[in-house]
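Here this note's numbering is used: the first residue of the sequence shown is -10, the next is one more, and so on.
As structure tokens, the structure follows; a few thoughts come after it.
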Amino acid sequence: MPPPKSAAMQRRAWLAAFSAALWLVAAAVSSCHAADVPISALQAVFLSDCQKAWGTTIPGWSQTASCSAAKGLMCAPSGMITAIRMDSANISGAIPDSISSLTALTWLDLEYNQLDGSIPAGVGNLPALQYLALTSNELTGPIPAEIGNLPNLKKLYMGGNQLTGPIPDVFGNLTNLDTLFLGLNSLTGSIPNSITSLNQLSILSLAFNSLTGSIPDSFTSLNQLSSLSLASNSLTGSIPNSITSLNQLFLLDLSANQLSGPIPAGIGNLTNLKALGLSNNSLIGSLPNSITSLIRLSQLYVAMNQLIGPIPHGIGNLYMLTWLDLSSNSITGSIPSSITSLTQLVFLNIGGNLLDGSIPDSLDSMVVLMNLNMSGNHLKGSIPTTLGSMGSLKFLYMNDNQLTGSIPGFINPMNLTELLLIFDWALSALPRCQDCNVGVEWESAERPHPPSIHSCEQLQRLWLDNNSLSGILPYSLEVMSQLTSLRINDTSLNGTLPTFLGSFSSLDSLYVKH
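Here it is as structure tokens:
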């Protein structure tokens, strides 16, 4: 949903979001006290097998210890183990088959370790199990179909492993399940229709797998669903209209699939939505006006599709938006003035579209905006001086437009980290930028290099591409000791590179070509 990151970064961020929720549930168990009773001999065999398989000694995991002395265990008065909480315990190895002996187990938490091998089929012999968490290990192989034999299971977390094969159809037997997290694996096949019979389901995450086929139209039966994430798979077909009846949803993420067709007009029915991710698909048509009814929406991502038409004028109704990404589509028309009503926006990307007209003067009302990208459009007119009062702005991209006039002097006081404007024929002058931390791409033809650029002591990037600059690089550039990137491409500059470049410790990219 957010702008593209590396797969590793996406996975870490995604797991972190779920770990916070898991911790709240796990805290309830940690507050309980284990019974001071001896562990039954039969179940102590499992503890012994674990220590052998994991190559470590775990305090109290012996046949003679009492349950109260055993790390991470809870027991019934009979000595039967009822809960195992060994999350983030730095254990590795396989889960022993003897786990099937723990017939009174209600809670099994082994997440955030380095467990490997397959999930033993014996897990299906734990009829009392309500909570199963194996998230973020190195487990491989298919999900055992025997898990369908756990009628009391309420929460199932197997994300962040290397599981393969299809999602077992028998998951439809888990009628008490309210949370199913299988994301961040390598699961294949289609989403089984049987999942849509789990009418207690509140959280369903199958993201970051290799699932194919279409989204089942029968999702309409999951009327308790509050979070649905199918992102980063290979799902095809259209977004089923049935999803728009899930009015309890606060998160819907279908990003990074191969979905086609229009965004359903009924999307406006999901009035509880706080995050909507549809980026990186092949969606067509225009943004439905009904989307402006989602007044609780905080994050909206529809980038990298084939959307056309204008930005809805009612976009300003979404006053809780903090992140809006409409980039890399074919959206037309002007930037609606109502967009400046989104005073909570931190990130706004409308780059890579076909927008025309001028930049609204009232952008300065977006007082917390940090990242503004309008690049790659057909915007005309001058750059509003009101941008100078946007004290939170760190990243500003307006390159590849048809802007005219001079670059306003606001650049100097602004606390920019990165500025991309690409100065072309129409832009006439640069301001002095003594203290600004910017990058400059100078692609103007047959125009002298502005003297003011020499005073940019904090400049990080200087690209002198495709122009008619001549002579040698001036030694006054020596003040730019913060440069990280210098590119001199297709110019008429001559002479040797200045020796002072060798003292630029931050310079990690140097490209010179005639």
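The beta-carbon is built from N, C-alpha and C at its ideal position, and this holds for glycine as well.
Asked: Helix, strand or coil at Asp353 [DSSP, three-state]; Found: helix
Asked: Neighbour-count burial assignment, Tyr500, 16 or more Cβ in a 10 Å radius; Found: exposed
Asked: Close-in-space but distant-in-sequence residues of the same chain around Ser319 (CB under 7 Å, 5 per side omitted); Found: Gln295, Leu296, Ile297, Asn342, Leu343
Asked: Collapsed DSSP secondary structure at Ile192 in the structure displayed; Found: strand
Asked: Reference Ile477; option with closest CA among Thr95, Leu486, Asn141; Found: Leu486
Asked: Minimum C-alpha distance to Leu91 - residue among Glu100, Ala65, Leu235, Leu104; Found: Ala65
Asked: Own chain, CB closer than 6 Å to Asn174, minus 5 neighbours either side, in chain order; Found: Asn150, Leu152, Asn198
Asked: Three-state class that DSSP yields for Gln237 in the structure shown; Found: coil
Asked: Chain-order list of residues whose beta-carbon lies under 6 Å from that of Asn270 (same chain, five-residue window excluded); Found: Asn246, Leu248, Asn294
Asked: Limits of the alpha helix (DSSP H) - the one that Phe35 falls within; Found: 30 to 43
Asked: C-alpha gap between Ala292 and Lys60, whole angstroms; Found: 48 Å
Asked: DSSP bridge partner residues for Trp532 (one or two, in chain order); Found: Any property of residue 532 remains undetermined from this structure, which presents the chain solely from -10 to 503.
Asked: Where Ile304 falls: helix, strand or coil (DSSP); Found: helix
Asked: Rounded distance between the beta-carbons of Pro299 and Gly274, thought under 8 Å; Found: That belief does not hold up - the Cβ atoms of Gly274 and Pro299 are roughly 12 Å apart, past 8 Å.
Asked: Whole-angstrom distance between Met69 and Val26, CA atom to CA atom; Found: 9 Å
Asked: N-terminal and C-terminal residue of the beta strand (DSSP E) that Trp96 is part of; Found: 96 to 98
Asked: Residue interval of the beta strand (DSSP E) (run including Gln151); Found: 151 to 154
Asked: Cut-off 8 Å between Cβ atoms - residues of its own chain near Gln504, not counting five sequence neighbours on either side; Found: A query on residue 504 cannot be resolved here, the shown segment of the chain reaching from -10 to 503 and no further.
Asked: Residues of its chain near Asp353, where Cβ-Cβ distance is below 6 Å and the 5 sequence neighbours each way are ignored; Found: Thr375, Ser378, Met379
Asked: Distance between Gly172 and Gly148 (C-alpha atoms, nearest Å); Found: 5 Å
Asked: With 16 other Cβ atoms within 10 Å as the buried cut-off, status of Ser268; Found: buried
Asked: Buried versus exposed, by CB contacts within 10 Å (16 or more), Asn126; Found: buried
Asked: Cut-off 7 Å between Cβ atoms - residues of its own chain near Ser203, not counting five sequence neighbours on either side; Found: Leu224, Thr225, Gly226
Asked: Alpha-carbon spacing of Pro95 relative to Asn261, whole angstroms; Found: This sequence places Thr at residue 95; Pro is not what is there. Going from the Cα of Thr95 to the Cα of Asn261 covers about 33 Å.
Asked: Length of the line joining the Cα atoms of Gly154 and Pro131; Found: 5 Å
Asked: Distance, Asn306 Cα to Asn388 Cα; Found: 29 Å
Asked: Proximal residues to Thr233 (C-beta, below 6 Å), its chain only, five neighbours per side dropped; Found: Pro253, Gly255, Ile256, Asn258
Asked: Spatial distance of Phe160 from Ser216 (CA atoms); Found: 18 Å
Asked: Start-end ranges of the alpha helix (DSSP H) lying completely within the region 59 to 85, minimum 4 residues; Found: none
Asked: Pick from Pro301, Asp105, Leu187 that is closest to Leu145, judged by C-alpha positions; Found: Leu187
Asked: Candidates Ala30, Gly137, Ser279, of which the one nearest Pro301 by Cα; Found: Ser279
Asked: Coil, strand or helix - Thr488 by DSSP; Found: helix
Asked: Limits of the beta strand (DSSP E) - the one that Gly370 falls within; Found: 367 to 370
Asked: Cβ separation of Ser371 and Gly394, assumed to be a contact under 8 Å, to the nearest whole Å; Found: 4 Å
Asked: Continuous beta strand (DSSP E) stretch holding Ile273: start and end; Found: 271 to 273
Asked: Reference Pro251, options Ile228, Lys263, Phe384, Met469, closest by Cα; Found: Ile228
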